[in-house]
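Single-structure report; data block below.
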Amino acid sequence: YRLCFTSVVSSSAISAVREHTHRRKRLSPPTMTRGPIAVAVVSFVPSPSSSLLLLFLSLSSTSAGSTAVGRPVEIRAAVILPAESKFIITLSKVMPVLDIAVRDLYAKGILRETDVTFRFMQKDDNCEDIEAMRSGFELIINGRVDLFLGPTCDYGVDLVARMIKFWNAPLLTTGGFTNDFSLDKRDPKSKYFLLVRTGTLDFQDIADVVVSVLNRYSWKNVLLIYDIDGYWRVSGKQSCGLMTKTLVEMFKGNASIRYDAFDLAKNPQNNLTENLRNEVGSKHTIMVVCANPLTVREILLAAEELNMIDSGEYVFFNIELFSSLNNGSLTPWYVGNDTAERNERAKKAYSALLTVTARTPNNEAYRNFSVEVKRVAEEKYNFTFGNESVSTFVTAFYDAVLLYGLALNETLAKGGNQSDGTAIVKAMWNRTFTGITGDVNIDANGDRIADYSLLDMDPTTHEFKIVANYIGKNQSLEYVPGMSIHWAGGRTSPPPDIPSCGFDNSLCKTMPGYAILSIVLSSVVVILAIASALIYRHYKLEAEIASMTWKVNCNDIIRVPQEKWRMSMTSLIRRNSQRTVISDDLMSLMSQCDYGRQIFIQTAFYKGNKVALKTLKRSRLELTRPRLLELKRLKDLHHDHLVRFYGACIEPNYCWLLTEYCPKGSLQDILENDQFKLDWMFRYSLMHDIVKGMCYLHSSELRSHGGLKSSNCVVDSRFVLKIADFGLRSLRNSHTNESNSDSDSYAYWKGFLWTAPELLRIRHPPPEGTQKGDVYSFAVIVHEIVTRQGPFYLGNNESLSPKEIVDSVKSKEKCLRPSVADLSCDEEVGVLMKRCWTEDPADRPDFTTLKAVIRKLNKDYESNNILDNLLSRMEQYANNLEALVEERTADYLEEKRKCEELLYQLLPKSVASQLILGQSVVAETYDNVTIYFSDIVGFTSLSAESTPLQVVDLLNDLYTCFDSIIENFDVYKVETIGDAYMVVSGLPVRNGNLHAREIARMSLALRSAVHSFTIKHRPDDQLKLRIGMHTGPCVTGVVGLKMPRYCLFGDTVNTASRMESNGQALKIHVSPQTKEVLDTFGTFDLELRGEIEMKGKGKVTTYWLLGEKTPTAEMAPVLPVKPIGSFSKLHTTNSVGSSSTKSVANSIANHNNISASTPLLQGDNG
1 YRLCFTSVVS
11 SSAISAVREH
21 THRRKRLSPP
31 TMTRGPIAVA
41 VVSFVPSPSS
51 SLLLLFLSLS
61 STSAGSTAVG
71 RPVEIRAAVI
81 LPAESKFIIT
91 LSKVMPVLDI
101 AVRDLYAKGI
111 LRETDVTFRF
121 MQKDDNCEDI
131 EAMRSGFELI
141 INGRVDLFLG
151 PTCDYGVDLV
161 ARMIKFWNAP
171 LLTTGGFTND
181 FSLDKRDPKS
191 KYFLLVRTGT
201 LDFQDIADVV
211 VSVLNRYSWK
221 NVLLIYDIDG
231 YWRVSGKQSC
241 GLMTKTLVEM
251 FKGNASIRYD
261 AFDLAKNPQN
271 NLTENLRNEV
281 GSKHTIMVVC
291 ANPLTVREIL
301 LAAEELNMID
311 SGEYVFFNIE
321 LFSSLNNGSL
331 TPWYVGNDTA
341 ERNERAKKAY
351 SALLTVTART
361 PNNEAYRNFS
371 VEVKRVAEEK
381 YNFTFGNESV
391 STFVTAFYDA
401 VLLYGLALNE
411 TLAKGGNQSD
421 GTAIVKAMWN
431 RTFTGITGDV
441 NIDANGDRIA
451 DYSLLDMDPT
461 THEFKIVANY
471 IGKNQSLEYV
481 PGMSIHWAGG
491 RTSPPPDIPS
501 CGFDNSLCKT
511 MPGYAILSIV
521 LSSVVVILAI
531 ASALIYRHYK
541 LEAEIASMTW
551 KVNCNDIIRV
561 PQEKWRMSMT
571 SLIRRNSQRT
581 VISDDLMSLM
591 SQCDYGRQIF
601 IQTAFYKGNK
611 VALKTLKRSR
621 LELTRPRLLE
631 LKRLKDLHHD
641 HLVRFYGACI
651 EPNYCWLLTE
661 YCPKGSLQDI
671 LENDQFKLDW
681 MFRYSLMHDI
691 VKGMCYLHSS
701 ELRSHGGLKS
711 SNCVVDSRFV
721 LKIADFGLRS
731 LRNSHTNESN
741 SDSDSYAYWK
751 GFLWTAPELL
761 RIRHPPPEGT
771 QKGDVYSFAV
781 IVHEIVTRQG
791 PFYLGNNESL
801 SPKEIVDSVK
811 SKEKCLRPSV
821 ADLSCDEEVG
831 VLMKRCWTED
841 PADRPDFTTL
851 KAVIRKLNKD
861 YESNNILDNL
871 LSRMEQYANN
881 LEALVEERTA
891 DYLEEKRKCE
901 ELLYQLLPKS
911 VASQLILGQS
921 VVAETYDNVT
931 IYFSDIVGFT
941 SLSAESTPLQ
951 VVDLLNDLYT
961 CFDSIIENFD
971 VYKVETIGDA
981 YMVVSGLPVR
991 NGNLHAREIA
1001 RMSLALRSAV
1011 HSFTIKHRPD
1021 DQLKLRIGMH
1031 TGPCVTGVVG
1041 LKMPRYCLFG
1051 DTVNTASRME
1061 SNGQALKIHV
1071 SPQTKEVLDT
1081 FGTFDLELRG
1091 EIEMKGKGKV
1101 TTYWLLGEKT
1111 PTAEMAPVLP
1121 VKPIGSFSKL
1131 HTTNSVGSSS
1141 TKSVANSIAN
1151 HNNISASTPL
1161 LQGDNG
């Protein structure tokens, strides 16, 4: 059974459900192989017009195929189309086409009539969405539906296409023109999955044609004129409205095209001529029109009356959804029942018209097909076409049936059935065949790739002829050889997109001589006055620039020693927090410092004032006039919420910027410090401070900040927020580029998290930024203040690096923004953030508007008394310190826990616990354990042919792989030295005789993993692992005080090592003692190797472990683990036993003597 959802259902559909359900209950047959069962759950919501059904559930059986062997498969096809002849596509017109199509399916051998029959079930939807949905639902209720043909009206297609995917029945239509149906339909979760469009018209393609022509003639200024229901006979209501919407979406994606839109229903009190005069004016010369042919004719007659045709400056594009060529008319300007004078005017007006329409087949086969359709319609359906030709919207249903037959034949041949709509639709994708309307190309999205024509009126014959064709497969506009566009007004070249003189020549009118003289004299006087004022201001400005009041003498600066720097450059480091400046490249350095310690900016004293000292990495500072002017402007800036600029020192090797010192650190420090509790009064105050500072900065001569971040919003001792790092962007940016020259660093990309997307897309953005870019940065800061999760918090389920975030913000498809889900703030704040970071900069408010909004939000918290506000902030700061001792104690206990966990990884937990308590570890004897040794055959030669780093990477990858495998077994890893790997089972926790089984299974898993292991720097070489194991007693103990080591002693260790050294590559060497224990399990496959000479043991009979015959459920499934990459940059240790990288190098150099030089073998030197 399948669950289906839709949006609205008529009352008659509900009644049908209830009646059908009662009938089912009465009948109750003992067995039922097919037929629907329906249940409806309804809920109504009042609306101005009627009650709408919000939720509909339909359960339909999906049994397929014939119920009796040998019977032909019946295809039950629902044909949902209008019945009234006023529409272009009706049941009477389409049914003959479907009959002919089925006949040709049999004639062409695509299907056999003895195997497949068709039953067409007609429903009248009157081109209404509710009727279309009701019709589809009633057909499903009354029996199985394998195929939907129609509806064709866009709103009907929308509703039915949303339902049919739950019934697993494909929908083929020649309608569905709007660009919503062009979206990806391949995902079964998509709205229109199982929808296939076989028509020759698509709004998105028409928009592409229009844009192609506009780009060819460099037209960037367009007026869209439309009659919202212009082609209701073709696709129902809002046909031209949807077409215009598609054009608008296309223009929005092309920033170079500017457009205005005019609905013909606007200003009904004015006639068409008056509306055209008001809308076109002197702004537009290119008009794109979507309306029915008679309305287009009236628009052109109005344009002719306004002299737009004779001027030659205006071009009209007519989007013709129902081709005039299809009606056999090449002279749309001529109307038989109109006057001869108006027809002549229309003929003249149509010289400025270009028509875009779908290509219509005009060959002999199509004409013969049209005659056959008319004959069948008259004989079988009592319908007469008359002189009207058969529309391609109708004949395209022939191609739809042909396409379905091909897909059905392919599905049945693969063992499918007619009810498997998904398989049938997938068989339609990427299919090409010859149909009655020409070559039919269905793309991977289930849409037909159609061609279009651009028509222009021949000035000689006054007939419209094709001058260019848009080839959908190539998405290119190709002009017909020997044909060219004839421009109105006798022009030989296309007109500009902005009128030169206008239709009334108002832009080119001349003035009387005395008026010109008066204007000239007045202009001279005004220019002289302005020039005098400008000259005075210029000399005054030059004098102020030359005085260099901002210049600071190096001897006047008293620098504070570095250990006493007080201003925070980075956030207080806390667990799981982001950092203001520190990149993850410095994390290893930070781990050696105390968490919670701040890094401070350098401070100094200048004329008794404590200042922040910013060092510029320059030996000398070049003073150009623009830089001198900017320094002067910075010196003149004074505002309560801007950091004061004291001046700059420009002496050689002493290039500093001196700014006001704010001891409370940056806003990011405060937000990322969990110890600082912020109520909403404080948060709104911080937002208000930023807005007031930016509002003043934008109104100043600096105009914008260009680098607004939470890290350069600082807080002074009175808890007043001030904005820093504005102005002198060329100096600051160059400094930043030097410090972040590594474009892969964390800090480099994190610096762009506040940057607006339009600036990220520019290769060389303006250093000073833009005002709208500052508004975007403010939105990210507000999000930081609300969430206190650092910049660009994406929620708990998202974890992206700064570079990935920046790339997603830059992408026009993704348009990534911080998460606003579950924000604990007022709804107005969330709306404010979304407005400020909207994709289109023009839609973002300015800071003057934001100032009023923030003031409104903050009015409940802000008193008129400045002292009260200050005392409130200080009281809150004092309250935040109360929990500091408790939190620091918790941090200490957490760090202690981490140290203990690390120690438990280095030593067995029982041993580590004794060491933590200060007790001595007593050696312990184990009666029976199994020890595993392995090494790499040919490791010495491999090391000699590889670099040390390559060897380290190889061992790290190999042992990381091994470590991930042994976690699945009851074993303890003792240590690794070079290529030697030692594991034991049965200690420190005894496990009876299971130690041999655990080591055996682990060995098989490791050997299996080695087969798929790839050496990164030598991928063609096979790693040859040699394994040996032995069972016996041993003694364990901890040796040494510095870096204590848990070691194994006894002859069992030596024997296990001998088993490994006397083994063979990719084989597991087993001693007789281990074999004896393994035999008790009865599941291991061992092979006798024979007697071998073993040093210190004489001749020993040994065995090969081949595998396990019947693995039990106790054995955890272990898959070969691939190397997870190089860890050479991480400061980690592969095993407990290896003390340093130096020991690895020594092992590589002395591989042949490993048994004598490593602590793996305790008790035998040779």
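Residue numbers 1 to 1166, in UniProt numbering, belong to the letters of the sequence shown in order.
Glycine residues also receive a C-beta, built at the ideal position from the N, C-alpha and C atoms.
Item: Do three or more CB pairs link the stretch 237–246 to the stretch 425–432 at distances below 8 Å?; Value: no
Item: Give me the Cα-Cα distance between Thr-331 and Arg-76, rounded to the nearest whole angstrom.; Value: 44 Å
Item: Closest to Asn-292 by CA distance: which of Gly-312, Thr-357, Arg-258, Pro-188 is it?; Value: Thr-357
Item: Quick one: using the 10 Å Cβ neighbour count with 16 as the cut-off for buried, is Arg-718 buried or exposed?; Value: exposed
Item: For Asp-669, count neighbouring Cβ atoms within 10 angstroms of its own Cβ and tell me buried if that reaches 16, exposed if not.; Value: buried
Item: List the DSSP bridge partners of Asn-292.; Value: Paired residue(s): none; Asn-292 is not in a bridge.
Item: Check Glu-305 in the structure and name its three-state DSSP category.; Value: helix
Item: Given this structure, state the Cα-to-Cα distance separating His-392 from Thr-437, to the nearest angstrom.; Value: The amino acid occupying residue 392 in the given sequence is Thr; His does not appear at that position. Looking at the two C-alpha atoms, the distance is approximately 7 Å.
Item: For Met-1043, is the classification buried or exposed, using 16 other Cβ atoms within 10 angstroms of its Cβ as the cut-off for buried?; Value: exposed
Item: Quick test of your reading: Leu-454 and Leu-354, contact by CB under 8 Å. State the CB separation rounded to the nearest angstrom.; Value: 6 Å
Item: Here's a check: name, in chain order, each residue in its chain whose Cβ is nearer than 6 Å to the Cβ of Pro-1072, leaving out the five neighbours to either side.; Value: Thr-1101
Item: Just to confirm before moving on: does the CB-CB distance between Lys-266 and Asn-275 stay below 9 Å?; Value: yes
Item: Please state whether DSSP places Ala-78 in a helix, a strand or coil.; Value: strand
Item: What do you get for Gly-421, buried or exposed, if any count of 16 or more other CB atoms within 10 angstroms of its CB means buried?; Value: buried
Item: Name the one or two DSSP bridge partners that Leu-1105 has.; Value: Leu-1086
Item: What's the C-alpha gap between Glu-138 and Lys-123?; Value: 10 Å
Item: Going by C-alpha distance, which of Ile-965, Gly-1063, His-698 is nearest Thr-849?; Value: His-698
Item: Considering Cα atoms alone, identify which of Gly-1090, Leu-306, Glu-630 is closest to Glu-701.; Value: Glu-630
Item: List the endpoints of the continuous beta strand (DSSP E) containing Cys-836.; Value: No beta strand (DSSP E) holds Cys-836; the alpha helix (DSSP H) holding it covers 827–836.
Item: Taking the alpha-carbon positions, what's the Glu-945 to Tyr-959 distance?; Value: 20 Å
Item: Here's a check: name, in chain order, each residue in its chain whose Cβ is nearer than 6 Å to the Cβ of Cys-815, leaving out the five neighbours to either side.; Value: Glu-839
Item: Which residue's Cα is closest to the Cα of Asp-644: Pro-82, Arg-618, Lys-617, Asn-609?; Value: For clarity, residue 644 is Arg in the given sequence; the question names Asp instead. Of the listed residues, the one whose Cα sits closest to Arg-644 is Asn-609.
Item: Here's the rule I'm using: 16 or more other beta-carbon atoms within 10 Å means buried, otherwise exposed. How should Val-780 be labelled?; Value: buried
Item: At what residues does the beta strand (DSSP E) containing Glu-975 begin and finish?; Value: 972–977
Item: Are the beta-carbon atoms of Leu-1006 and Leu-1025 separated by less than 9 Å?; Value: yes
Item: Based on DSSP bridge pairs, tell me the residues matched to Ser-666.; Value: Val-714
Item: In chain order, what are the residue ranges of uninterrupted beta strand (DSSP E) at least 3 long that sit wholly in the stretch 999–1058?; Value: 1025–1039, 1045–1049
Item: In angstroms, rounded to a whole number, what distance separates the CA positions of Met-308 and Pro-459?; Value: 17 Å
Item: Name the DSSP bridge partner or partners of Asn-318?; Value: Val-289, Thr-355
Item: Would the beta-carbon of Gly-795 fall within 9 Å of that of Glu-672?; Value: no
Item: Should Ala-944 be counted as a contact of the ligand SAM given a C-beta to heavy atom distance under 8 Å?; Value: Absent from the structure shown: the ligand SAM. Ligands present: none.
Item: Give me the residue from Ile-257, Ala-515, Gln-950 with the minimum Cα distance to Ile-1015.; Value: Gln-950
Item: If I measure Cβ to Cβ from Val-440 and keep anything under 6 Å in the same chain, skipping five residues before and after, which residues do I get?; Value: Asp-399, Phe-433
Item: Could you name the residues of the same chain whose beta carbon sits closer than 7 Å to that of Lys-220, not counting the 5 residues immediately before and after it, in chain order?; Value: Ser-256, Ile-257, Arg-258, Asp-497
Item: Within the same chain, show all residues whose beta-carbon is closer than 7 Å to that of Glu-344, passing over the 5 residues directly before and after it, in chain order.; Value: none
Item: Just to confirm, is the Cβ distance from Leu-1066 to Phe-1084 under 9 Å?; Value: no
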